[in-house]
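Take a look at the structure below.
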Amino acid sequence: MQIAIFAFNRPDLLQRTLTALVANDLANKASVTFFCDGPRHEMDEPGTQAVRELAKTVQGFATVEVVERPKNMGCAASIIDGLTEMFRLHKRLIVIEDDIVTSPHTLRFLSEGLARYADNEQVFNISAWTPPHIAQRAPVGYPYDVYAIPRFNCWGWASWRDRFQDIDWDVKDYQDFKNSPQLRKAFNAGGEDMSPMLDAQMEGKLNAWDIRADYARFKKNMVGINPVHSYIFNIGIGSGTHTTTATTYWDSDLTKAVKHPRFLDDVRVDPRIHEIYRSRFNSPRLSFSERLKNKIKKIFKKG
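To convert, count from 1 in the sequence shown and add 6; that's my numbering.
Below, the structure is given as structure tokens:
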């Protein structure tokens, strides 16, 4: 089991992330590679150094490797570079960032998902997070612990080399997309914020990697597999530190994470859950400008 952990200058959050991850069912079978970004300026140096020391001294995994960036690459570039290298070396990968607290069953869930859907050309990734209202409003009698959705969620996720190795991170066909109402509407199947988020990225207002990965998923006509109950808690946003919205809008109850989840046999988007999911990202309670502002804050904190 290969895990990539991306970190910058937040040793307090990384410590909580590692404490939870080491407590996972399969942690002692995991080979972990840390990608530690370099400082942007002198004020970052104590934090980046503390992060590297944590990475070098953590115990509980099968193996640990630490990649120390000599200079600051920035969150997006560091992650894209790390993903490219890891998928060059490995066919499957689990990815955790430095503010993701996992349930004890997260690695098992992601590992089982990787095995189950490895040869399924409909599935782009497995995600460990879901909006909390999915569980609250799931259809009565829904027989699975996961669902398919046309959106890539990056808060604790896993995927395969053949899904990621050919991603066009420059989005060379963006102008065609920008000028096509049909393509923009189709991309927004996962939420009305998706096309504006890609616009912001391509206009230089945002420097993110995940919306570009999501666009690659869209072009492949694939879906993500999400849990009904989250397996992770984002302590960077869920704590309220980097967001102006109510914390319950993002919070996860990890006690409900299922140890032996019932996966989809036939991967299809359930229209009932799809509508519930879209309501989260189309809600007037959280406008696109607020989402963009929160995302920029989060990226700045991550380097």
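Idealized CB from N, CA, C, for every residue including glycine.
Going by DSSP, Ile132 is part of the beta strand (DSSP E) stretching over 129 to 133.
Taken in chain order, the complete alpha helix (DSSP H) segments of 4 residues or longer contained in the region 94 to 180 are 112 to 123, 139 to 143, 167 to 170. In the displayed model, Glu91 falls within a helix according to three-state DSSP. When DSSP states are grouped into helix, strand and coil, Phe41 belongs to the strand group.
Looking at the backbone, the Cα of Ile282 and that of Val38 are separated by about 35 Å. For Asn159, the CB contacts under 7 Å within the same chain, skipping 5 residues up- and downstream, are Ser133, Trp135, Gly230, Asn232 in chain order. Of all alpha-carbon atoms in Phe115, Ala13, Arg268, Arg58, the one lying nearest the alpha-carbon of Leu32 is that of Phe115. Per DSSP, reduced to three states, the secondary structure at Gln8 is strand.
With three or more CB-CB distances shorter than 8 Å, the region 14 to 26 counts as touching the region 47 to 60. Sequence-distant partners of Met200 (beyond 5 residues in either direction) whose C-beta falls short of 6 Å from its own C-beta, in its chain, are Phe193, Asn194.
Within its own chain, the residues whose Cβ lies closer than 6 Å to the Cβ of Glu103, once the five positions on either side in sequence are excluded, are Phe12, listed in chain order. Within the DSSP secondary-structure output, Glu74 pairs in a beta bridge with Cys42. When DSSP states are grouped into helix, strand and coil, Ile85 belongs to the helix group. Taken through DSSP and simplified to helix, strand or coil, Phe67 comes out as coil. For Phe239, the enclosing beta strand (DSSP E) starts and ends at 238 to 240. Spatial neighbours of His111 in its own chain (CB-CB distance under 8 Å, excluding positions within 5 residues in sequence) are listed in chain order as Asn30, Asp31, Tyr237, Ala263, Val264, Lys265.
The alpha-carbon separation between Met79 and Glu71 amounts to approximately 19 Å.
According to the DSSP secondary-structure assignment, Ile279 is paired through a beta bridge with no residue. Excluding its 5 nearest sequence neighbours in each direction, Ala26 has C-beta neighbours in its own chain below 6 Å: Val107, Thr108, listed in chain order.
For Phe287, same chain residues with a beta-carbon under 6 Å away, outside a window of 5 residues either side, are Gly197, Asp199 in chain order.
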